[in-house]
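Undergrad:
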Amino acid sequence: MPCMLAWIPFLQPAPGVSAYWWALVFPLSIGVSMAWRAVRQKDLHGYWPSVARMSAQIVVGMLSLFVGLAIIIRVIMPLMPVD
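So, in structure tokens, the structure goes:
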């Protein structure tokens, strides 16, 4: 409990979550998908399959961005001249 008393939101990472922060992309993508589909869908027929499909698209997009940026940073940038 004393650790939570000294925690400053938005300036420090949340205690206990910093080791596996990347796993929060799954509930975040599900929440965004549920809200987006609830607003955009005309009726509830096919709501949950469309939420699952959109969540998968978000996660795949985030993983693609991660792989692309990792390739740029670890492979391409070391090959660039310094001066």
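Quick note: the sequence shown, position 3, residue 560 per my numbering, numbers continuous. All C-beta atoms, glycine included, are put in the ideal place defined by N, C-alpha and C.
1) Could you check the C-alpha separation between Trp564 and Met634 for me, to the nearest Å?
2) Please report how far the alpha carbon of Ser590 lies from the alpha carbon of Val639, in whole angstroms.
3) Using DSSP with H/G/I as helix, E/B as strand and the rest coil, what is Phe623?
4) Could you round the C-beta distance between Arg594 and Val608 to whole angstroms and report it? I think they count as a contact, below 8 angstroms.
5) DSSP state of Gln614, grouped into three classes?
TA: According to the data block:
1) 36 angstroms
2) 43 angstroms
3) helix
4) 5 angstroms
5) helix
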